[in-house]
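Peer 1: Could you have a look at this structure, given as structure tokens, before my questions?
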Amino acid sequence: NTYISSLNKRLKRATKIRRGDLYAQGWVQAVSHKVVTHKRSAAERLAMASYKEKRWPNLVTTRGRDRTSKARSHDLQAKLQGLIDGDKVDFHQGVHGTKRAALH
């Protein structure tokens with residue numbers, strides 16, 4: 001939403017959506033190399049699967065719309081900006097941390 005609001009206000013809505021999607025694709029592409037899968041035990045995987053089945057019993061996989069198939073050459077700047085912004089992201093997973101004392 002922040003990226004789309006930075007675009008020229010005179011652009012068509014479809015152009016803004018296409019560039020926003022390209023930005024998001026670039027960001028996800030850059031960030032996907034930084035994500036490390038957390039190792040889960042069999043009990044954790046079973047608990048998550050049963051929760052998912054109980055909470056969303058009719059969940060199905062669907063395909064999203066590809067709004068970027070008609071991308072123009074000047075739209076690729078949006079993907080480049082997404083790649084640049086995605087490279088700036090750092091993920092840190094806290095494990096076995098100690099609780100900090102609260103300020104009173």
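Everything in the sequence shown is counted per UniProt numbering, starting at 1 for the first residue and increasing by one.
A virtual CB, placed ideally from N, CA and C, is assigned to each residue, including glycine.
1. If we ignore side chains and look at the alpha-carbon of each, how far apart do Gln77 and Ser41 end up?
2. Can you list, in chain order, the residues of its chain whose CB lies under 8 Å from that of Thr2, leaving out five sequence neighbours each side?
3. With the cut-off set at 8 Å, would you say Gly20 and Lys79 are in Cβ contact?
4. Suppose you measure from the CA of Asp66 to the CA of Lys54; what does that come to, to the nearest Å?
5. Check the C-beta distance from Gly86 over to Val31 and give it rounded, since I have them as a contact under 8 Å.
6. Measure the beta-carbon distance from Gly82 to Ala24 and round it to whole angstroms, keeping in mind my assumption that it falls under 8 Å.
Peer 2: Let me lay it out:
1. As a working note, residue 77 is residue 77 in the sequence shown. As a working note, residue 41 is residue 41 in the sequence shown. Going by the C-alpha atoms only, they are around 42 Å apart.
2. Working through the sequence shown from its first residue, we reach residue 2 at position 2. Nothing listed; no residue qualifies.
3. Within the sequence shown, the letter at position 20 stands for residue 20. Within the sequence shown, the letter at position 79 stands for residue 79. No, the pair does not count as a contact, with Cβ atoms beyond the cut-off.
4. Position 66 of the sequence shown, counted from the start, is the residue given in the question as residue 66. Position 54 of the sequence shown, counted from the start, is the residue given in the question as residue 54. Taking the straight line joining both Cα atoms gives about 31 Å.
5. Translated into positions along the sequence shown, residue 86 becomes position 86. Translated into positions along the sequence shown, residue 31 becomes position 31. The Cβ separation is near 5 Å, so the contact holds.
6. As a position in the sequence shown, residue 82 is number 82, starting the count at 1. As a position in the sequence shown, residue 24 is number 24, starting the count at 1. Sure, about 6 Å apart at Cβ, within 8 Å.
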